[in-house]
Amino acid sequence: MKPWRFAVLWLVLFIVAVSTGVELLSYLSYLVLFVFIVMSILSRLTLEGLSVKRTLGQSYAHLGDTIELAYELTNDHSLGKLWLEVFEKSNWPEPLPGRVLSIGGRKTRKWKVLAKAQRRGRFRLGPIVLRSGDPFGLFATEARIPSEALLLVYPRVVQLPFWTLPGSLLEGNVLTGQRSLQSTSMVMGIREYRPGDAMNRIHWPTSVRHRRLHVKEFELDRTADLWIYLDLDGRWHHGDGEDSTEERAVTVAASVVRKALDGHRNVGLVTNGNRAEVLHPDRGSKQFGKLMQYLAEVHAGGTRTLQETLVETLPRLRRGASCLLITPSLDRAWVRPASTLRETAIATQAVIVSPPF
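Set out below in structure tokens:
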């Protein structure tokens, strides 16, 4: 019952008691007023001494992963709480499961919530809401705990064991066999330290064994840069959810990024849609995180064609690089600039993403 309805009921009862002079009704009206006041005070005390915190086991996940959230509710008050509702505000695709519970005085309750990552994106968790009231349900009390967290859901990454990354059309796109102190992914040998050698190239186990400083030599790696073109022209993308051409294309791009970086390739990304976005080639875990964060939030839209993007970005590509086009477009217009890439010694492959049936 709403408080104002309860107040109206008491007022009617009081008027009837006064007008009729029935003593029992007068006592009843006083009792109702007393209960009303006590319940109002109790409702204000139900959230006193409560604190709650949420622990997120990870700052990112991939599409389809299960996220674990751990909650800890503490009651520092000597009186227990008979009824509490705990839930979380967020922009998660589905409401996160809440919990209705009771807690004793000076006690702590812990529980876990599992949520499946069903959509790519950047999601904000929090604040946490505590809600309670009096035993009769006359008054509701709510408190918001500012416990905000950020969770990134990356695209799904699948293994590509039977697919080979495009290489370079130039000769020499493999290890050269030449020794160098320039850091690459391959250590070729160890030699004695010479004046001018960088200290971070010292190989300490060998230096200790020979009691003289030795440094690492690296083999020059001329593996081609890989440019991934992800076509986000909204006119060619269809479907919703994981069966959409958008999600399939992003999954292909993320999977190729993972495979290429695992193979010590420099990977760059170009997308179109409203405008061309260029992420320059690099390697390592930092580049993986950068590309995954971008792919987590990217969506199809706009009318910029793959042909226009290829023509605009062609000068950025060096001879000997390789290029992978990921597109649902069946427009032949992008084939000509793609052929131009091959004429400039840029190995090119295309992945055509089929629409859902």
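Be aware that the sequence shown starts at 1201, since it is given in the working numbering, and climbs by one per residue.
Using N, Cα and C, we set each Cβ at its ideal position, and we do this for glycine too.
This structure is a prediction, so every number in the text was calculated from the model and none was measured.
query                                                                                                                                                                              : result
Any idea which residues DSSP pairs Trp1427 with across the strands?                                                                                                                : Gly1468, Cys1523
Looking at C-alpha atoms only, which residue of Pro1528, His1403, Gln1359 is the closest neighbour of Gly1439?                                                                     : Pro1528
Compare the beta carbon distance of Tyr1429 and Val1470 with 8 Å and say whether it is the shorter of the two.                                                                     : yes
Are the beta-carbon atoms belonging to Val1252 and Ile1390 less than 8 Å from one another?                                                                                         : no
If contact is defined by three or more beta carbon pairs under 8 Å, each pair taking one atom from either stretch, is the segment 1350–1370 in contact with the segment 1483–1502? : yes
Starting from the Cα of Arg1295, find the closest Cα among Arg1532, Ala1315, Thr1445 and give me that residue.                                                                     : A small fix is needed here, since residue 1295 is Pro in this sequence, not Arg. For Pro1295, the nearest C-alpha among the options comes from Ala1315.
I think Ile1526 touches Ala1449, with their Cβ atoms under 8 Å apart; what is that distance to the nearest whole Å?                                                                : 5 Å
Report all residues from its chain with a CB closer than 8 Å to the CB of Ala1453; omit the five preceding and five following residues, and keep chain order.                      : Pro1355, Ile1428, Leu1430, Leu1469, Leu1495, Ile1526
Taking Cβ positions, are Ser1259 and Trp1283 nearer each other than 8 Å?                                                                                                           : no
So which of Gly1441, Gly1473, Ala1476, Trp1210 has the shortest CA-CA distance to Tyr1227?                                                                                         : Trp1210
Kindly give me the distance between the Cβ atoms of Glu1348 and Arg1324, rounded to whole angstroms, as I take these residues to be in contact under 8 Å.                          : 6 Å
Would you tell me roughly how many angstroms separate the C-alpha atoms of Val1408 and Glu1392, rounded to the nearest one?                                                        : 12 Å
The alpha helix (DSSP H) spanning Pro1481 covers which residue range?                                                                                                              : Unbroken run through Pro1481 is the beta strand (DSSP E), 1477–1482; no alpha helix (DSSP H).
Can you say whether Gly1489 is buried or exposed, counting buried as having 16 or more other CB atoms within 10 angstroms of its CB?                                               : exposed
Curious, which full-length beta strand (DSSP E) runs of at least 3 residues does the segment 1265–1341 contain?                                                                    : 1266–1275, 1281–1290, 1299–1303, 1308–1316, 1321–1333
Which word fits Ser1539, buried or exposed, when buried means at least 16 other C-beta atoms lie within 10 angstroms of its C-beta?                                                : exposed
When burial is assigned at 16 or more other CB atoms within 10 Å of the CB, is Thr1451 buried or exposed?                                                                          : buried
Look at the Cβ atom of Gly1434, then the Cβ atom of Ala1500, and state whether they are nearer than 8 Å.                                                                           : yes
Please report how far the alpha carbon of Pro1405 lies from the alpha carbon of Met1399, in whole angstroms.                                                                       : 14 Å
Are Leu1360 and Lys1459 touching if we call contact CB-CB under 8 Å?                                                                                                               : yes
Sorted by chain position, which residues of the same chain lie with C-beta nearer than 8 Å to Gly1280's C-beta, five sequence neighbours on each side aside?                       : Ser1302, Ile1303, Gly1304, Gly1305, Lys1307
Can you tell which of Leu1491, Thr1255, His1410 has the C-alpha that lies nearest to the C-alpha of Val1313?                                                                       : Thr1255
Between Ala1563 and Arg1465, what straight-line distance do the alpha-carbon atoms span, to the nearest angstrom?                                                                  : Within the shown structure, residues of the chain are numbered from 1201 to 1557, placing residue 1563 beyond reach of any answer.
Under the DSSP definition of a beta bridge, which residues are partnered with Gln1549?                                                                                             : Leu1524
Measure the alpha-carbon distance for Ala1550 versus Lys1416 and round it to whole angstroms.                                                                                      : 40 Å
According to DSSP, simplified to helix, strand and coil, what is Glu1392?                                                                                                          : strand
Note down, in chain order, each residue of its chain lying with its Cβ closer than 7 Å to the Cβ of His1277, except the 5 sequence neighbours on either side.                      : Glu1248, Gly1249, Gly1305
Return helix, strand or coil for Leu1514, following the three-state DSSP convention.                                                                                               : helix
Does Val1238 pass the burial test, meaning 16 or more other C-beta atoms within 10 Å, or should it be called exposed?                                                              : exposed
Starting from Ser1251, follow its DSSP beta bridges and name the residues at the other end.                                                                                        : Thr1274
Rank Met1492, Gln1507, Asp1265 by C-alpha distance to the C-alpha of Arg1475 and give the top, closest one.                                                                        : Gln1507
The beta strand (DSSP E) spanning Val1353 covers which residue range?                                                                                                              : 1349–1354
Here's the rule: buried if 16 or more other CB atoms are within 10 angstroms of the residue's CB, otherwise exposed. What is Arg1483?                                              : buried
If you run the structure through DSSP and keep just helix, strand and coil, what is Val1357?                                                                                       : coil
Would you say Leu1432 and Asn1472 are within 8 Å of each other, going by their C-beta atoms?                                                                                       : yes
Could you check whether Pro1481 and Leu1510 sit closer than 8 Å to each other, using their CB atoms as the reference points?                                                       : no
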